[in-house]
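Number of protein chains: 2
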Amino acid sequence: MLSPLKTPARRGQRLTPARQAILKVLGRSPTPQSPQEILHELKKFKLTINKTTVYRQLESLLSRRLIRAIHLGERSVRYELAHGLAHHHHLVCLDCGKITNIFFPTDLKKQEETIWKKNKFEIFEHSLEFFGRCRTCAEKLKKRPQHKNVPAA
Amino acid sequence: MLSPLKTPARRGQRLTPARQAILKVLGRSPTPQSPQEILHELKKFKLTINKTTVYRQLESLLSRRLIRAIHLGERSVRYELAHGLAHHHHLVCLDCGKITNIFFPTDLKKQEETIWKKNKFEIFEHSLEFFGRCRTCAEKLKKRPQHKNVPAA
DNA sequence: AGCTAAATGCAACTTTGTTGCATTCGCAGC
DNA sequence: GCTGCGAATGCAACAAAGTTGCATTTAGCT
Numbered sequence: 697m698l699s700p701l702k703t704p705a706r707r708g709q710r711l712t713p714a715r716q717a718i719l720k721v722l723g724r725s726p727t728p729q730s731p732q733e734i735l736h737e738l739k740k741f742k743l744t745i746n747k748t749t750v751y752r753q754l755e756s757l758l759s760r761r762l763i764r765a766i767h768l769g770e771r772s773v774r775y776e777l778a779h780g781l782a783h784h785h786h787l788v789c790l791d792c793g794k795i796t797n798i799f800f801p802t803d804l805k806k807q808e809e810t811i812w813k814k815n816k817f818e819i820f821e822h823s824l825e826f827f828g829r830c831r832t833c834a835e836k837l838k839k840r841p842q843h844k845n846v847p848a849a
Numbered sequence: 697m698l699s700p701l702k703t704p705a706r707r708g709q710r711l712t713p714a715r716q717a718i719l720k721v722l723g724r725s726p727t728p729q730s731p732q733e734i735l736h737e738l739k740k741f742k743l744t745i746n747k748t749t750v751y752r753q754l755e756s757l758l759s760r761r762l763i764r765a766i767h768l769g770e771r772s773v774r775y776e777l778a779h780g781l782a783h784h785h786h787l788v789c790l791d792c793g794k795i796t797n798i799f800f801p802t803d804l805k806k807q808e809e810t811i812w813k814k815n816k817f818e819i820f821e822h823s824l825e826f827f828g829r830c831r832t833c834a835e836k837l838k839k840r841p842q843h844k845n846v847p848a849a
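Which chain is which? The protein sequence lines are B and D, in order.
This note's numbering numbers the first residue of the first sequence as 697 and each following residue consecutively.
This note's numbering numbers the first residue of the second sequence as 697 and each following residue consecutively.
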């Protein structure tokens with residue numbers, strides 16, 4: 697994360713090409729994108745945007761709740777449009793890294809209430825991600841039984 | 697994560713001072729620790745262990761399922777003993793960064809079954825973390841209404 | 001005690017994200 | 001449409017976190 701901005705409240709006032717392009721990239725992507733991936737996508741649009749700008753725009757968009765940060769256990773954080781999709785979670789394949797969105801009602805309301813009662817901890821959001829092996833990798837495994845990221849216990 | 701080891705299967709064969717010390721640090725800590733924190737703790741034991749060794753041991757311990765990796769939206773991954781505590785989740789205060797373990801039955805079995813049926817995605821593990829504000833920070837806020845990491849929408 | 005491969009330390013390196021500062025540009029007011 | 005202000009950008013240098021190659025040490029076997 698970037699450190700606090702000098703004038704955080706004023707950020708995100710202008711509709712600049714960089715901001716538009718980043719939103720466009722995120723809008724087109726079905727799954728959350730890392731800063732590196734965004735940078736890479738921007739080049740396809742023939743827009744060479746400096747990485748500093750990308751990081752700063754992502755922070756601005758995040759602080760205004762236009763995008764959400766997703767943590768899938770990688771070095772980079774991923775981002776997705778906050779209002780692009782209904783509330784959902786992610787499946788992460790530990791073999792190929794593929795990310796899939798899943799939509800189903802996770803009724804955590806009761807549990808969030810319990811936490812509030814027990815711990816007096818006020819919950820703003822939660823993160824629920826599933827890690828495992830996707831169908832494609834499972835089929836490959838049948839043919840050639842070997843995989844890289846999931847060593848035996 | 698480190699790239700695949702040359703001989704991953706053979707790692708973790710010896711009981712070395714470094715391995716013992718890292719397990720001791722994790723065993724003493726109530727909440728998951730980052731590599732930096734582990735490194736810092738080790739110094740308290742008058743053990744100066746190289747960061748490379750720490751990263752390699754953590755990977756070895758992880759691959760043997762002696763520890764678990766926890767991702768709380770920071771740059772670093774955190775680790776905790778795999779068998780130290782029953783299955784649990786975490787509360788992360790966005791104001792002060794405090795981490796709390798919570799133990800309650802999250803019945804995600806049905807949902808994991810649904811995912812298997814629908815997506816043919818085999819789940820090995822899940823990650824459920826709650827982000828918000830702890831009691832202490834909430835009380836501070838009453839006195840001096842200001843906080844840093846949770847800008848208004 | 002000697003052997004061998006696992007484990008370690010070190011330095012150099014890569015990747016990812018950050019900061020300071022000079023310059024450019026969106027846009028509100030004229 | 002011009003102008004001025006401050007937001008936004010680019011660049012280069014920096015910082016933090018993690019990785020690699022390789023020479024050396026050491027745990028655990030015989």
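Glycine included, every Cβ here is placed at the ideal spot set by N, Cα and C.
Identify the contact partners of D:E818 in chain B, using a Cβ-Cβ distance below 7 Å as the criterion.
The residue you call residue 818 of chain D lines up with position 122 of the second sequence. Neighbours of D:E818 on chain B, chain order: G828, R829, A834.
If you drop the 5 nearest sequence neighbours on each side, which residues of the same chain put their C-beta closer than 6 Å to that of D:N797?
The residue given as residue 797 of chain D occupies position 101 in the second sequence. Taken in chain order, the residues that qualify are H784.
Any beta carbon from chain B within less than 7 Å of D:G769's own beta carbon?
To locate residue 769 of chain D, count along the second sequence from 1; it is residue 73. Chain B, which has a Cβ nearer than 7 Å to the Cβ of D:G769, makes this yes.
Residue closest to B:K720, alpha-carbon to alpha-carbon, out of B:C792, B:K814, B:L738, B:Q732:
For the purposes of this step, residue 720 of chain B is taken as residue 24 along the first sequence, with counting starting at 1. Ranking B:C792, B:K814, B:L738, B:Q732 by Cα distance to B:K720 puts B:L738 first.
Is there at least one Cβ from chain D nearer than 7 Å to B:S823's Cβ?
Position 127 of the first sequence, counted from the start, is the residue given in the question as residue 823 of chain B. Yes, B:S823 lies at the interface with chain D (some Cβ there is under 7 Å from its Cβ).
With contact counted as at least three CB pairs below 8 Å, one residue from each stretch, are the stretch 820-835 of chain D and the stretch 786-793 of chain D in contact?
yes
For chain D, is any of its Cβ atoms less than 7 Å away from the one on B:L787?
Along the first sequence, read from residue 1 onward, the residue named residue 787 of chain B stands at position 91. Closer than 7 Å: yes.
Using a Cβ cut-off of 8 Å, pull out every chain D residue sitting near B:A765, in sequence order please.
Along the first sequence, one-based indexing puts residue 765 of chain B at 69. Here the neighbours are G769.
For D:V750, I'd like the list of residues in its chain whose CB is within less than 8 Å of its CB, leaving aside the five on either flank, ordered along the chain.
Taking the first residue of the second sequence as 1, we reach residue 750 of chain D at position 54. Excluding residues within five positions, the ones whose Cβ falls inside 8 Å are A714, I718, P731, I734, L735, L738.
Please state if the CB of D:A778 and the CB of D:R760 are separated by a distance shorter than 7 Å.
Here residue 760 of chain D corresponds to residue number 64 of the second sequence, with the count starting at 1. Here residue 778 of chain D corresponds to residue number 82 of the second sequence, with the count starting at 1. Taking 7 Å as the Cβ cut-off, D:R760 and D:A778 do not qualify as a contacting pair.
For B:Q729, return the contacting residues in chain D, with the cut-off set at a CB-CB distance below 8 Å.
For the purposes of this step, residue 729 of chain B is taken as residue 33 along the first sequence, with counting starting at 1. Simply none; closest approach about 16 Å.
Considering only residues of the stretch 720-763 of chain D, which uninterrupted alpha helix (DSSP H) runs meet the minimum length of 4 residues and lie entirely inside it, listed in chain order?
731-740, 747-759
With DSSP as the reference, label B:C833 as helix, strand or coil.
Numbered from its first residue, the first sequence carries residue 833 of chain B at position 137. If DSSP states are grouped into helix, strand and coil, B:C833 belongs with the helices.
Leaving out five residues before and five after D:L768 in sequence, what residues of the same chain have Cβ atoms less than 8 Å from its Cβ?
For the purposes of this step, residue 768 of chain D is taken as residue 72 along the second sequence, with counting starting at 1. Contacts found: P728, R774, H786, V788, I795, E825.
Scan the stretch 736-763 of chain B for residues whose Cβ lies nearer than 7 Å to a Cβ of chain D and list them as they occur along the chain.
S759, R761
Give the DSSP-derived three-state secondary structure of B:E818 in the structure shown.
Residue mapping note: residue 818 of chain B aligns to position 122 of the first sequence, counting from 1. It is a strand residue.
Residue nearest to D:F741 in terms of C-alpha spacing, selected from D:E809, D:Q716, D:R752
Counted from its first residue, the second sequence places residue 741 of chain D at position 45. Out of D:E809, D:Q716, D:R752, D:Q716 has the C-alpha closest to the C-alpha of D:F741.
Residues from the stretch 790-802 of chain D in contact with chain B, defined by Cβ distance under 8 Å:
L790, T796, I798, F800, T802
Run through chain D and tell me which residues come within less than 9 Å of B:L716, C-beta to C-beta.
Walking along the first sequence from the start, residue 716 of chain B turns up at place 20. Here residue 716 of chain B is Gln; the residue named in the question, Leu, does not match the sequence. The premise fails here: B:Q716 is roughly 21 Å from chain D at the closest Cβ pair, so nothing lies under 9 Å.
Assign D:E821 to one of two classes, buried (16 or more other C-beta atoms within 10 Å of its C-beta) or exposed (fewer than that).
Residue numbering aside, residue 821 of chain D sits at position 125 when the second sequence is read from its first letter. When all chains shown are included, D:E821 counts as exposed.
Of the residues B:S772, B:K806, B:S823, B:T712, the one placed nearest B:L743, counting alpha carbons only
Counting from 1 along the first sequence, the entry for residue 743 of chain B is found at position 47. Here the closest residue by C-alpha is B:T712.
With the cut-off set at 7 Å, would you say D:R764 and D:E776 are in Cβ contact?
Here residue 764 of chain D corresponds to residue number 68 of the second sequence, with the count starting at 1. Here residue 776 of chain D corresponds to residue number 80 of the second sequence, with the count starting at 1. Yes.
Residues of chain B with a CB under 8 Å from the CB of D:T810: which are they?
Within the second sequence, numbered from 1, the residue matching residue 810 of chain D stands at position 114. The contacting residues are F800.
Check D:T796 in the structure and name its three-state DSSP category.
Position 100 of the second sequence, counted from the first residue, corresponds to residue 796 of chain D. Note: D:T796 maps to strand in three-state DSSP.
Under a three-way DSSP split, which group does D:T703 fall into?
Locating residue 703 of chain D in the second sequence gives position 7, counting from the first residue. Note that D:T703 has pLDDT 39, beneath the 50 cutoff, so the model's placement of it is unreliable and the number below is only indicative. The answer is coil: DSSP assigns D:T703 none of H, G, I, E or B.
Assign D:Q753 to buried or exposed, taking buried as 16 or more other Cβ atoms, counted over all protein chains shown, within 10 Å of its Cβ.
Translated into the one-based positions of the second sequence, residue 753 of chain D becomes position 57. When all chains shown are included, D:Q753 counts as buried.
Identify the contact partners of D:V773 in chain B, using a Cβ-Cβ distance below 8 Å as the criterion.
Taking the first residue of the second sequence as 1, we reach residue 773 of chain D at position 77. Within 8 Å Cβ-Cβ: G769.
Quick check on this structure: which residue in D:S725, D:L757, D:S772, D:K816 has the alpha carbon closest to the alpha carbon of D:R710?
For the purposes of this step, residue 710 of chain D is taken as the residue at position 14 of the second sequence. For the residues D:S725, D:L757, D:S772, D:K816, the minimum Cα distance to D:R710 belongs to D:L757.
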